[in-house]
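>
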Amino acid sequence: PWTVVIDGLVEQEKTWDIDALIRAMPLEERVYRHRCVETWAMTVPWTGFPMAELVKLAKPLSSAKYLKFETFDIPRYAPGQKNREYPWPYTEGMTVTEAMNDLAFMATGVYGKELPVQMGAPLRLALPWKYGFKSSKGLVRITFTDMQPVSFWEHLNGDEYGFWANINPAIHHPRWSQARERDISTGEERASLLFNGYAEQVGDLYK
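My numbering puts the first residue of the sequence shown at -3, with every later residue one more than the last.
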């Protein structure tokens, strides 16, 4: 059975059976834009629950400033993880303030069905104002901490993949422009939007 550990700077550390965790949450459907750092884009209908509900469930201490997300590390099921030149397990992070924003979402399903393995079953992040690599998949541990986590890609190449990774067409990847994006389903090219079009909802987080 799949479990998710919630630990660190919380009132009480706990290991949740994934089904019990999902039953404890108010499920809803949301349609979000999704933007890859490699400039392709798509629209995705997710099922899941607001990350703010998980924060409330965890009851973090006042000293908790960040969340660190950790994915599974099972090379026999994920052959790519046999390459130990990479810093497995995959890790990501965000601030508690970001996690409490209404857009931050924990996805349990997609297109009206349960998440398939390749899309991050049974639990993944959906952060539509950030580049897609921030939406880590197959979560098994969520740690509340007072230290800013070093994410997987930040560890590998912090000059290209930073902690914040907010979508901004004026800030380019060192090897390509972020000013435009391509719809992966239609091939249409269009101008990229600040915070992927969600500036009204999240812009105040970064003033």
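Backbone N, C-alpha and C fix where the C-beta goes; we use that ideal spot for every residue, glycine too.
Can at least three beta-carbon pairs, one atom from the region 138 to 153 and one from the region 60 to 68, be found at a separation below 8 Å?
These segments touch.
> What would DSSP say about Cys151, mapped onto helix, strand or coil?
Position 155 of the sequence shown, counting from 1, holds the residue named residue 151. For the record, residue 151 in the displayed sequence is His; it is not Cys. Here His151 sits in helix by DSSP.
> For the region 148 to 166 and the region 86 to 100, state whether three or more C-beta atom pairs, one from each stretch, are separated by less than 8 Å.
A contact exists between the region 148 to 166 and the region 86 to 100.
> With C-beta atoms as the reference, is Ala100 less than 7 Å away from Lys130?
Working through the sequence shown from its first residue, we reach residue 100 at position 104. Working through the sequence shown from its first residue, we reach residue 130 at position 134. Going by C-beta atoms, Ala100 is not nearer than 7 Å to Lys130.
> Identify the continuous beta strand (DSSP E) that holds Lys203 and give its terminal residues.
In the sequence shown, the residue the question calls residue 203 occupies position 207. Here Lys203 belongs to no beta strand (DSSP E), and DSSP marks it neither H nor E.
> Taking the beta strand (DSSP E) that Ala166 belongs to, which residues open and close that run?
Here residue 166 is taken as the residue at index 170 of the sequence shown, counted from 1. Neither: Ala166 is in no beta strand (DSSP E) and is coded neither H nor E.
> How is Leu190 classed by DSSP in three states: helix, strand or coil?
Looking up residue 190 in the sequence shown gives position 194. Of the three classes helix, strand and coil, the one that applies to Leu190 here is helix, per DSSP.
> Check whether the region 97 to 113 touches the region 167 to 179, taking contact to mean three or more Cβ pairs, one atom from each stretch, closer than 8 Å.
No, the region 97 to 113 does not touch the region 167 to 179.
> Measure from the alpha carbon of Glu24 to the alpha carbon of each residue in Arg72, Leu119, Phe45, Asn164, then state which is nearest.
On the sequence shown, position 28 is the one that residue 24 refers to. Comparing Cα positions, the closest option is Phe45.
> Tell me, which residues are paired with Arg80 by DSSP?
By one-based count along the sequence shown, residue 80 stands at place 84. In the DSSP output, where bridge partners are listed per residue, Arg80 has none listed.
> Taking only the alpha-carbon atoms, compute the straight-line gap between Glu81 and Leu152 and give it to the nearest angstrom.
Taking the sequence shown and counting its residues from 1, the one referred to as residue 81 is at position 85. Taking the sequence shown and counting its residues from 1, the one referred to as residue 152 is at position 156. Glu81 and Leu152: Cα-Cα distance of roughly 10 Å.
> Between the beta-carbon of Asn192 and the beta-carbon of Arg29, is there less than 7 Å?
As a working note, residue 192 is residue 196 in the sequence shown. As a working note, residue 29 is residue 33 in the sequence shown. Cβ distance < 7 Å, so Asn192 and Arg29 count as in contact.
> Using a Cβ-Cβ cutoff of less than 8 Å, which residues in the same chain neighbour Pro216 once the five nearest sequence positions on both sides are dropped?
Residue 216 lies beyond the range of the chain shown here (-3 to 203); nothing can be said about it.
> Can you tell which of Trp(-2), Trp36, Leu5 has the C-alpha that lies nearest to the C-alpha of Thr11?
By one-based count along the sequence shown, residue 11 stands at place 15. The residue with the shortest Cα to Cα distance from Thr11 is Trp(-2).
> Tell me which residue opens and which closes the beta strand (DSSP E) that Lys55 is part of.
Stepping through the sequence shown from its first residue, residue 55 is reached at position 59. Looking at the DSSP string, Lys55 is not in any beta strand (DSSP E), and its letter there is neither H nor E.
> If I follow the unbroken beta strand (DSSP E) through Val290, where does it start and stop?
Outside the displayed span of the chain (-3 to 203) sits residue 290, for which this structure offers no information.
> By how many angstroms is the C-alpha of Pro124 removed from the C-alpha of Asp200?
In the sequence shown, counting from the first residue as 1, residue 200 sits at position 204. In the sequence shown, counting from the first residue as 1, residue 124 sits at position 128. Asp200 and Pro124: Cα-Cα distance of roughly 16 Å.
> Which of the three DSSP states, helix, strand or coil, is assigned to Val37?
Taking the first residue of the sequence shown as 1, we reach residue 37 at position 41. In the sequence as displayed, the identity of residue 37 is Ala instead of Val. Here Ala37 sits in strand by DSSP.
> Nearest to Thr35 by alpha carbon, out of Tyr194, Gly183, Glu9?
To locate residue 35, count along the sequence shown from 1; it is residue 39. With distances taken between Cα atoms, Thr35 lies closest to Gly183.
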